[in-house]
């Protein structure tokens with residue numbers, strides 16, 4: 008009998024680092040966030056877009072914002088163009 | 156007393172040793188490749204024709220069209236300087252070279268040998284050789300000795316007694332001080348042109364205006380500290396050179412030549428199992444059309460003394476990329492050797508204890524929080540624009 012050489016334990020539990028987390032975001036009329044999880048935005052530091060995997064069934068269309076909140080916290084949120092929801096994400 | 160031996164324009168004089176006929180003609184040391192086009196030291200004939208050191212090349216050639224530009228020969232200059240320092244050491248002086256053409260030495264130990272201070276200084280001048288036009292200044296403090304040497308006449312000695320230092324320094328120009336150009340200009344704009352004027356200002360005010368350099372210069376203008384002279388350890392004489400049949404510019408060939416030189420030098424019996432601390436790599440360069448080709452030299456102090464050919468070769472090889480022209484001769488000098496001493500090797504590999512402690516800590520975390528709680532981050536697509544696809548965390552249960 009030949010043993011399965013795959014590391015079944017790793018396959019079972021390996022996770023993605025910096026997975027997006029749903030966030031509650033209030034946006035201005037131009038789409039920029041004004042509140043993230045009930046905390047007001049003090050400064051919008053940067054904005055960029057990621058368009059990827061458009062050739063697949065699950066295209067990625069995101070509008071990212073790097074923000075400083077009124078509490079002093081730095082955070083990155085994005086608006087998912089495909090699902091219409093907001094997420095926070097580390098490591099972006 | 157501290158004595159300072161000074162040979163103004165030393166690099167030019169060293170370069171002219173190969174072309175002595177130029178010494179009596181207007182000549183100047185040419186600016187190095189890639190440097191600002193300013194002249195180096197000039198001969199007396201050039202100075203008489205109106206050409207001054209640090210003059211712009213264009214201006215100098217307009218002033219004196221027959222001016223001959225002499226290419227710098229740093230390897231020859233270092234060899235000549237080494238000869239002078241050795242001659243002084245042979246005469247009994249413990250010498251501290253400060254730069255090419257400037258060296259300090261203490262006279263106390265040899266005054267009785269030569270029958271007094273002045274005879275000792277005359278002996279030092281004689282050891283240096285008349286062709287260099289050396290001059291010596293002596294004082295109780297280093298800066299005062301340097302200042303005295305800068306005003307002494309060629310082949311002469313100037314003594315400054317401690318009680319006369321302030322009076323002696325007062326009328327001398329500020330250019331003796333180690334300041335930047337803009338700081339000289341700033342002082343000149345304030346009407347300060349002489350050491351005495353600077354020394355007369357309050358130290359705090361000078362420091363506030365010119366910063367730490369200014370404060371140091373102010374201290375020197377008042378005579379400076381009486382720092383001791385630390386004689387050097389005479390360098391080793393282990394030189395290997397390789398002359399090529401034709402000029403070589405190919406880096407691979409030069410690297411191979413360097414490897415051969417390192418191995419030959421280390422195999423020399425004179426090394427007597429000593430480790431190498433400082434090495435110098437020199438080269439004679441191909442002529443660039445304006446007379447004899449120049450030379451090139453780089454010294455390197457190894458972080459740890461070594462007798463390992465590979466380590467020395469790896470340390471020196473990047474210097475070959477700095478060669479400005481093809482090479483006719485490559486030369487390796489083992490400048491400083493250390494006495495062989497035992498080296499304590501490690502019984503356990505470095506960091507082994509840390510790793511053991513970390514493993515034990517992780518085992519305890521795992522025991523209290525359960526399997527799968529300790530993970531390793533594994534990069535899978537670090538180039539991806541989608542952050543969550545760049546890395547995975549994989550549990551470690553080992």
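Chains as they are written, first to last, in this note's numbering: chain A, 8 to 99; chain B, 156 to 553.
Beta carbons: idealized from backbone N, C-alpha and C, even for Gly.
| Query | Result |
| --- | --- |
| Can you confirm whether residue 542 of chain B, when its beta carbon is compared against all beta carbons of chain A, has any partner nearer than 8 Å? | yes |
| Does the structure place the region 213 to 224 of chain B close enough to the region 172 to 190 of chain B that three or more beta carbon pairs sit under 8 Å? | yes |
| Taking 8 Å as the threshold (C-beta atoms), are residue 329 of chain B and residue 356 of chain B in contact? | no |
| Shorter than 8 Å from the beta carbon of residue 26 of chain A to some beta carbon of chain B? | yes |
| For a test of the three-state rule: what should DSSP assign to residue 263 of chain B, helix, strand or coil? | helix |
| Quick one: does residue 520 of chain B have its CB under 8 Å from some CB of chain A? | no |
| For the alpha helix (DSSP H) holding residue 523 of chain B, just list the boundary residues, first then last. | 507 to 524 |
| Listed from N- to C-terminal order along the chain, which residues in the region 50 to 67 of chain A have their beta-carbon within a distance smaller than 7 Å of any beta-carbon of chain B? | 57, 59 and 67 |
| From the DSSP output, in three-state form, read off residue 92 of chain A for me. | coil |
| Report yes if the C-beta distance between residue 557 of chain B and residue 334 of chain B is below 8 Å; otherwise report no. | Any question about residue 557 of chain B goes unanswered here, given that chain B covers just 156 to 553. |
| Just the C-alpha distance for residue 92 of chain A and residue 37 of chain A, rounded to the nearest angstrom, thanks. | 16 Å |
| Can you give, in chain order, each stretch of the alpha helix (DSSP H) that sits fully within the region 400 to 486 of chain B and has at least 4 residues? | 406 to 421 and 464 to 475 |
| What is the rounded straight-line gap between the Cα of residue 246 of chain B and the Cα of residue 282 of chain B? | 7 Å |
| Are the C-beta atoms of residue 548 of chain B and some chain A residue less than 8 Å apart? | yes |
| At what residue ranges does the region 18 to 99 of chain A contain a whole run of the beta strand (DSSP E), taking only runs of 3 or more? | 32 to 34, 40 to 43, 46 to 59, 67 to 76, 81 to 87 and 93 to 95 |
| By the criterion of Cβ-Cβ separation under 9 Å, what are the contact partners of residue 532 of chain B in chain A? | 24 |
| Per the contact definition of three or more C-beta pairs closer than 8 Å, is the region 37 to 46 of chain A in contact with the region 67 to 85 of chain A? | yes |
| Excluding the 5 residues preceding and the 5 following residue 532 of chain B in the sequence, name in chain order all residues of the same chain whose CB lies nearer than 6 Å to its CB. | 546 and 548 |
| Is residue 193 of chain B helix, strand or coil when you go by DSSP? | strand |
| Using a cut-off of 9 Å between C-beta atoms, extract the partners of residue 98 of chain A located in chain B. | 542, 543, 545 and 546 |
| Please determine, among B:255, B:284 and B:248, the residue with the shortest C-alpha to C-alpha distance to residue 267 of chain B. | B:248 |
| Who are the Cβ neighbours of residue 10 of chain A in its own chain at under 7 Å, not counting the five residues just before and after it? | Its pLDDT being 41, under 50, residue 10 of chain A is placed unreliably by the model, and the measurement read from it follows with that caveat. The answer is none, since no qualifying residue turns up. |
| Enumerate in chain order the residues of its own chain whose CB-to-CB distance from residue 404 of chain B is below 6 Å, with the five nearest sequence positions on each side excluded. | 481 |
| Can you tell me where the alpha helix (DSSP H) with residue 239 of chain B in it begins and where it stops? | 229 to 245 |
| Rounded to whole angstroms, what is the Cα-Cα separation between residue 431 of chain B and residue 462 of chain B? | 6 Å |
| Using the three-state DSSP reduction, which class does residue 251 of chain B fall into: helix, strand or coil? | strand |
| Using the rule of at least 16 other Cβ atoms within 10 Å of the residue's Cβ for burial, across every protein chain shown, is residue 326 of chain B buried or exposed? | exposed |
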